[in-house]
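There are 2 protein chains.
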Amino acid sequence: MTEADFLKAYDPAAFPRPSVTVDLVLMTVRGGALCSLLQQRQDHPHKGSWALPGGFVGPDEGLDAAARRVLAQKAGLPEEEAPGGWLEQLYTFGAPDRDPRMRIITVAYFALLPEDVLARAVKTGSGLQLAPLRLAEGEAIDAHLAALGPDGTPLPLAFDHEIILKTAVLRLRGKLDHSPAPFALLPKRFTLRALQDVHEAILGTPLNKPAFRRRLLDKNWLEPTGERESGTSYRPAELYRVRQQEKRSVAVQGGMTL
Amino acid sequence: MTEADFLKAYDPAAFPRPSVTVDLVLMTVRGGALCSLLQQRQDHPHKGSWALPGGFVGPDEGLDAAARRVLAQKAGLPEEEAPGGWLEQLYTFGAPDRDPRMRIITVAYFALLPEDVLARAVKTGSGLQLAPLRLAEGEAIDAHLAALGPDGTPLPLAFDHEIILKTAVLRLRGKLDHSPAPFALLPKRFTLRALQDVHEAILGTPLNKPAFRRRLLDKNWLEPTGERESGTSYRPAELYRVRQQEKRSVAVQGGMTL
DNA sequence: ACAGGATATATGTCAAATGAATATAAGGTC
DNA sequence: GACCTTATATTCATTTGACATATATCCTGT
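Top line first, the protein sequences correspond to chains W and A. Residues in the first sequence are numbered from 1 upward in steps of one, following full-length UniProt numbering. Residues in the second sequence are numbered from 1 upward in steps of one, following full-length UniProt numbering.
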């Protein structure tokens, strides 16, 4: 029996097949707070609640490709361009009852994008908002996460999206020191102070300034551009950029730059 | 329109659905080397190559539940019992061409089990072996991983299982210091020396003994039992056990004890 | 019974990393 | 040009971790 025969004899219908989607946690830092893009549901179930942008995985589409497609569609990012973001597979959620309509297994991704990219997405699309995420400092998985609306009250979240958001924030905190991912939240040239603000927003705790400086510069991931910020009423800070060599991932299964 | 109407009107067939499986990297430390359970394929494709144990996810079965079921079936572990292992979701692999027969998305898990449990599985099942994994020290994702057969030569691996194994080893290395997972590889009571042997096998590099001792004890995850090992021709070492409180996960999405 | 061997456990010393405080530099504003 | 504000550099105390050494404990052999 040849391999071709086996392929013909194989019956895919013998096993029941769930639907598979990708859900995206699109994060940025705005106003000193870590925020995520949420979309208000127009249909049942969970009509009116806020959900992560997502979509079905195409029959001949890889998971990463599906995530990039949804990113382009929902966040209005042209797929070809390089806005300087970060995309990484997060975790797969597949409880049988997580969607009341049918069995849906979702592969969650998280993306880090500069603030202006997501701000533009909110303006362009409808029913979108950039909600600050409130989660106690630390790494406890059983802490409660709240996504805050414009009035500061927690938004109702659809499906199991609270646990997905929580997983994303905790993963991001864990990777802060080992991954160049957080640079994706900043423009190509940035000050060390801006970088520290990003770290503090993600961790939810203040950091020691000289120590932060030393730690980051010792990693040798950054290089000074020689230029300085302008328009300040005080001494302008040096602008740094990420070394080209470090744009590739350093960490395990480290995700990809956009 | 009520929510019930929506449920009826929804057409699950509107979206093409891939098959979803779980694949398990079952690891232990034997003879100072990190090993994984591999199963020789009896059918095409990749007949004769070595593959990870796996199985389809049932229509009403959660992902973790599917992983536990496969663990019980393939590794011969009774589902109810508590052999003291560790199970954790690893990563989801879904390249369209990863299986030539059909579109299969697999959610990979990794499990840590005491040596005797997997040794028993090898004896019980057929076409199974416990293969030492050889991977360069460090965290480079582009390094080559080899699974060694009894004669010391690398085994041919089926599908994309080399990258899955590599991901598992790197993830395990990254979690060593932050997670109580490695304790799952040891019996309930163990010496610090045995624990250090496990760490060295996983990292592929020797560790400083006093430093390792203090580091582990300072975490306060362990407590001395007051008993000591016996049958040694030297001073017997204290036997430690994991504090009950630490059996729950400490880390993010930390997996579960078995 | 006692010396010797081997390894666990404890102590001490040193280098490196970290945190906090201070000093200096560089721009803008009045 | 005095003055304010924040970046950057320097310094020191504290903590952390690595490594070397010393002591304890058990078995073995004579």
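The beta carbon of each residue, even a glycine, is placed where N, CA and C say it ideally should be.
Burial of residue 99 of chain A is indicated by the presence of at least 16 other C-beta atoms within 10 angstroms of its C-beta. Contact annotation, residue 107 of chain W with residue 20 of chain W: C-beta distance approximately 7 Å; criterion of less than 8 Å satisfied. At least one C-beta of chain A is nearer than 9 Å to the C-beta of residue 95 of chain W.
A residue is called buried once 16 or more other Cβ atoms fall within 10 Å of its Cβ, and residue 23 of chain A is buried on that count.
Considering only beta carbons, the part of the region 61-78 of chain A lying closer than 9 Å to chain W consists of 61, 62, 63, 64, 65 and 66, in chain order.
Excluding sequence positions up to five before and after residue 189 of chain W, its CB lies within less than 6 Å of the CB of 225, 239 and 241, all in the same chain and listed in chain order. Under the three-state reduction of DSSP, residue 103 of chain W is assigned to coil, being neither helix nor strand. In terms of beta-carbon proximity, residue 105 of chain W lines the interface with chain A, with at least one pair separated by less than 9 Å. Ranked by how close their Cα comes to the Cα of residue 213 of chain W, the residues W:232, W:50, W:237 and W:130 have W:237 in first place. Counting other Cβ atoms within 10 Å of its Cβ, residue 102 of chain A stays below 16 and is therefore classed as exposed. In this structure, residue 113 of chain W lies near residue 75 of chain W, with their beta-carbon atoms less than 9 Å apart. For residue 91 of chain W, a Cβ of chain A is located within less than 9 Å of the residue's own Cβ. Interface with chain W (9 Å Cβ-Cβ cutoff): residue 19 of chain A is included. Residues of chain A with a Cβ closer than 7 Å to the Cβ of residue 16 of chain W are, in chain order, 59.
Looking only at A:166, A:128 and A:137, the smallest Cα-Cα distance to residue 146 of chain A is reached by A:166.
Exclusion of the five residues before and after residue 193 of chain W leaves 237 as the residues of its chain whose Cβ lies within less than 7 Å of its Cβ. Residue 174 of chain A sits in a helix when the DSSP states are folded into three classes.
Note on geometry: alpha-carbon atoms of residue 65 of chain W and residue 258 of chain W lie some 12 Å from one another.
Under the DSSP assignment, residue 200 of chain W falls in the alpha helix (DSSP H) whose first and last residues are 192-203. CA-to-CA, the gap between residue 124 of chain A and residue 54 of chain A works out to about 17 Å.
Between the alpha carbons of residue 46 of chain A and residue 142 of chain A lies a distance of about 23 Å. By the CB criterion at 9 Å, residue 184 of chain W and residue 50 of chain W fall outside the cutoff. Here residue 89 of chain A is buried: its Cβ has 16 or more other Cβ atoms, across all protein chains shown, within 10 Å. Counting only unbroken stretches of 3 or more residues, the beta strand (DSSP E) elements lying wholly within the region 15-86 of chain W are 19-30, 33-40 and 54-56, in sequence order. One thing to note: residue 93 of chain W has its Cβ within 9 Å of the Cβ of residue 160 of chain W. Taken through DSSP and simplified to helix, strand or coil, residue 183 of chain A comes out as helix. Between the beta-carbon of residue 18 of chain W and that of residue 105 of chain W there is about 5 Å, and that keeps the pair under the 8 Å contact cut. Within the same chain, 229, 237, 238, 239 and 240 come within 8 Å of residue 191 of chain W by CB-CB distance, once the 5 residues on both sides are set aside.
Considering only A:256, A:177, A:200 and A:233, the residue with the shortest C-alpha distance to residue 217 of chain A is A:177. DSSP places residue 217 of chain A inside the alpha helix (DSSP H), whose first and last residues are 209-218.
Proximity to residue 211 of chain A across A:135, A:172, A:16 and A:196 peaks at A:196, based on C-alpha coordinates. Between residue 148 of chain A and residue 40 of chain A, the C-beta spacing is not below 9 Å.
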